[in-house]
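Below is one structure, written out as structure tokens; comments come after it.
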């Protein structure tokens, strides 16, 4: 059987009052990403981009922010299916929202509908749900799950095992409220059945809203097959209505990544309290210390060891490299067998070759470091290119900014060639270049380019020692 | 009905043997505060300061330390009700302690009694208990709760639902020891009933102690109403008898703050492992990273973002300011839209105006920084006043101490006016002042005040470069 | 009754496929130690070294690495019983492994057999198991425990309470698989019974392996006493088959240390998320902050306070010393009443006398610091000896490396005598010595030894201030 074309309607118009926030609900972030982005990326993976199916995002509160975020996903290629937007100016209920959405022209024969606050519903869940809907020849299906206290969610009604309908919490009897199986806010509908039902839908209920779940009652009366597909793992349908649930959803997503990485052989010292983003990858024999966060598209090679209390984001790390405690790194590349930290800070644009040592209290920014070079202590290198075999002493600074814009640039480059030895407490005032093999004496402020190799550079004053003067000074 | 005057007796004489500590039990700290201080602050909020009621603290072990702490609470206005102290030299039981306490003159018609180790019993609990006591026209009431294993606590005896008395664990039968409802060590007594009962109390029991709960048996015999008021949340009556329970109590208090802040719309990445003191306040749209501790009277404005691994105590932070990872700050004020850290250290007396940038490995102490000023890397500013629009280069130091006391001061002030540019690796030797608009060349040690605006200051040696000498040197 | 001589056979030949690792399974580390090392140290404590009993370690995968590690334990005296190794080239089952092991000559009359992946099985467990085996006059005993889901472990069969045998999971019926009591992989056998049974053992089972537990069936048929000794705490028999279980085992070991230290009166802010190695010791009144790890043979004196996010390994800390947040220290000794950190780094060979202050962003290595000396900010001291009463200003560096090897040494020593005052941004170029009482002016690079006491040392350039030049410069 050919797969039917399935449009995906996402309800993202709500304010999320209980979030107590000025940010539209679906833009709240988990693992650094807006909830809606996470959901759409997952669903997109389950959609054949050549099928003609599209996303239809219903926006309302914060509509510009939401649509801008979604367009960003498209531009960066993170979702491939086309997207249309439906503006729901008044919040008259989920039925109303979907009715508006269906005014867009479509090639689809069925429609999936999602609440936008489901960051844990993965591509695999969507695929399974589509299969179950098809297998049951269902006209209207919802995803349900069971938890101890279903709170304000609509309850799933069954006779024996047979699904008979949904009742909103506000309209439920006391007995119905005790039901623990609830409607997770994810649906698949046959398009004709849905259009037909929405045309007749009324808002005679406690909230005076058009309830999308009324479709089930209407379909049932027409003797159509309906389905409540039960997900045994309630996590995947965990909605986010307040900050506690946001933290829980994030925790579950991080946990999922940690479990996968452990499965792949990574030793994570404290898997519940190590935050590994869903796109983090690691090779064989890696070890990750406690209380560390690794975000973005960070890739660890083989035998990489990450210490405790680190924060890494979009960092590529070569085989055998050791990152020690409390190191912070962003948009950087580390070669093989490097040792960095503890308490080092790598700002965007850092590139370390192999076998580099970066020690404590060192900051790098837009800087490349050649192989076998050491910057061991208390230094700042910005906008610099450092060769291989260089020794950078303690307290080194590239003076990349002098308060004046030259040739349109605020920051200037420092180039230090191979095998240079830089003593402690030296500075180079950029733009500058130090020829290979040069030796800079400790305490020197180097202002002029050193053109010839193996130069000795001194820029300090001779020491004067006066016996007994310290005593006088103290008086 | 007018509220009766209620004195509050607090039993704080115990040593707390199982704490294995030289500190008196009630002075052990949770959330940075002695347990007794937390309890007294809460109870004080439920006491009308004009009623004439007072605290009566029974002290024994470490009596001087305990009374000094309590007097400190009074002096700082943290408690408003007057306090008297009762010294219990010998530990002859809770009945004995209260009997001694009642020797103080009092205007009260009833007495509440607390163990001093109940840091989780809040003002709201006390109010509820007082109301229940009044509503039941009780002469003697205790607060009870139920847990799976009530350990060594006295058991609450009931016939049906009717409270009939208390039995100490040491005196209890095997069947009684299986009772899960226990006496939480919090009481309200009608004064006359209490005085009468204490007068007749005996110590015929396993421990040869005068047990305060014997009052219940005696009141019951006199046909007085007695009450065991059940708190459904056992946490509020959680006593602290060892270091594990101390950690648990602290965890519960921190959790309570985190729950409240989430309710208010703060996104806390890991609410169980973020330590937010009970007096921390936050505006709209704040985010707090994992493994961070925020103590004291710290106030976050709107949209403040705090990174991971930070430690803040008594810090005021303006709207939109970002505090990055592993930042430590104490008794400081940050303006709006500042960016600080990672790995910065703010010691007491730091004041940042708006839009200030403080980068990594920077330490500030008793220093004010004007708006739009940046101190981006590896610097120490102590006892300094820095204007606005200033650029402080990497490796800057205010030399505020020269080993000599001048005019009675050990530390001297540095004043840097607006729009000064300070190159890297500069020092100013205090006392000193740098006029506005001045430019300090990198590598300069500035010893003399710069009086005129827009001065250029250089204090370094010319660079000497000797071709080929590095080679010779190596040999 | 004299204790029988008990040899200990440890099965350490497995690859541990599910670890997804190139490291032999038993060498995976928990709390910084290979699992096998932890087990052997514990078992060794229960063995009388004069009894003639020995360890017999069966090795296979990674045999050289495993045997080298075990020999290291012997050399360092961490285990006292002699060790022989048995190479199991083919993995034909536990019965086969033990049969090979028994080819070694032995004085023992009984043999204990362990899987090598049991880091939580302590000396006390072994002693109890030996006693139970003797008391039951058992010829073949195994250690069992009960958990909700016994996974792939062999099931313990009983009739009533009587132990009747073991069935491997692969060979078990559906009903047997539902049994929750399982074989923990720890055995004690009468040597004769064992030799006899191994001689007749067959591999007619699902895996075609020689199963050691078949001994029980064979012994039972010979009417020998057999015993399944039940450990009520399943943790002690927790095997490690994948990275998740490795993390769980480590967590349990850390938890055990934390519980013991709390019992001893240490206040641990977050006992579940503070990693305290099993050999860490602490005196009275110590406090340990959250998210801190303390490893190796670290010893805290009385009233030591350790902040959050610290990493200490093999550090001795004197009474009353305070270690502030995010401090990293290794193989160092701190005296009494010192204050160190936050964000300080102590590399191996640091020795602080009493009342020393080390502040933020300071790194020490192979350096001793005298009493009452302060190094408060942003400094590096390596290969240095600093006297007492010294003030080291901000930005100080010992230039211990100049790129040249002299007298066979790469690093050179700096000696700073008592009561020296070092201003900010100074460096000393080693080898060098500064006489006591000397005063080094801020910004000086000191290259020559200062021989006479109370000398004043200046090595900087006079300041030149040019009015109005900053304006010109900007143009």
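Protein chains in written order, with this note's numbering: chain A, 161 to 635; chain B, 161 to 635; chain C, 161 to 635. Virtual Cβ for every residue (Gly too), placed ideally from N, Cα, C. In this text, all values refer to a predicted model and were calculated from it rather than measured experimentally.
- According to the DSSP assignment, residue 248(C) belongs to no beta strand (DSSP E), since it is labelled neither H nor E.
- 536, 537, 538, 551, 553, 554, 555: these are the residues of the segment 536-557 of chain B whose beta carbon lies less than 9 Å from some beta carbon of chain A, given in chain order.
- Residue range 592-594 is occupied by the beta strand (DSSP E) that includes residue 593(C).
- Secondary structure note for residue 223(C): its alpha helix (DSSP H) is the uninterrupted segment 223-235.
- At least one CB of chain A lies nearer than 7 Å to the CB of residue 633(B).
- Across the set 405(C), 399(C), 424(C), 432(C), the C-alpha of 432(C) shows the shortest separation from the C-alpha of residue 415(C).
- Residue 532(C) is outside the set of residues whose beta carbon lies under 7 Å from a beta carbon in chain B.
- Counting of Cβ neighbours within 10 angstroms places residue 287(C) among the exposed residues, the total staying below 16.
- Here the alpha carbons of residue 188(C) and residue 600(B) stand approximately 56 Å from one another.
- For residue 207(B), same chain residues with a beta-carbon under 6 Å away, outside a window of 5 residues either side, are 213, 241 in chain order.
- Under the three-pair Cβ rule at 8 Å, the segment 191-211 of chain C does not count as touching the segment 245-257 of chain C.
- Residues of the segment 611-630 of chain C whose Cβ lies closer than 8 Å to any Cβ of chain B, in chain order: 620, 621, 622, 623, 624, 625, 626, 627, 628, 629, 630.
- If you check the CB distance, residue 479(C) and residue 461(C) come in under 7 Å.
- Each residue's CA atom was taken as its position, placing residue 251(C) and residue 489(C) some 44 Å apart.
- Look at residue 600(B) here: in three-state DSSP terms it is strand.
- Under the 10 Å beta carbon count, residue 565(C) is surrounded by fewer than 16 other beta carbons and is classified as exposed.
- Put simply, the CB of residue 606(C) is near chain A, with a gap under 7 Å to one of its CB atoms.
- From the beta-carbon of residue 564(A), the residues of chain C found nearer than 7 Å are 634.
- For residue 553(C), the closest C-alpha among the options 556(B), 209(B), 635(B) is that of 556(B).
- Between the C-alpha atoms of residue 546(A) and residue 402(B) there is a straight-line separation of about 57 Å.
- Under the three-state reduction of DSSP output, residue 433(C) falls in the helix class.
- In this structure, residue 595(B) lies away from residue 618(B), with their beta-carbon atoms at least 7 Å apart.
- Separation of the CB atoms of residue 456(B) and residue 483(B) is rounded to 15 Å, and the pair is thereby denied contact status at 8 Å.
- Note on residue 182(B): under 16 other CB atoms within 10 angstroms of its CB, so exposed under the neighbour-count rule.
- Contact annotation: residue 585(C) and residue 602(C) have beta-carbon atoms nearer than 7 Å.
- In the displayed model, residue 559(A) falls within a strand according to three-state DSSP.
- Residue 253(A) and residue 361(A) have their C-alpha atoms spaced approximately 11 Å apart.
- Here residue 623(C) carries a coil assignment [DSSP, helix/strand/coil].
- Here residue 528(B) really is in contact with residue 511(B); their C-beta atoms are around 4 Å apart, less than 8 Å.
- Listed in chain order, the alpha helix (DSSP H) elements of length 4 or more contained wholly in the segment 277-315 of chain C are 283-295.
- Chain-order list of chain B residues neighbouring residue 587(A): 584, 585, 602, 603, by C-beta distance under 7 Å.
- For residue 204(B), not one C-beta of chain C is nearer than 7 Å to its own C-beta.
- In summary, the residues of the segment 465-482 of chain A whose CB is separated from some CB of chain C by less than 7 Å are 468, 469, in the order they occur in the chain.
- Cβ-Cβ distances below 7 Å link residue 534(B) to 517, 551, 552 in the same chain, with the five nearest sequence neighbours on each side left out; the list follows chain order.
- Boundaries of the alpha helix (DSSP H) around residue 198(A): 195-205.
- For the pair of segments examined, the segment 390-400 of chain C was found not to touch the segment 357-371 of chain C: the number of CB pairs separated by less than 8 Å stays below three.
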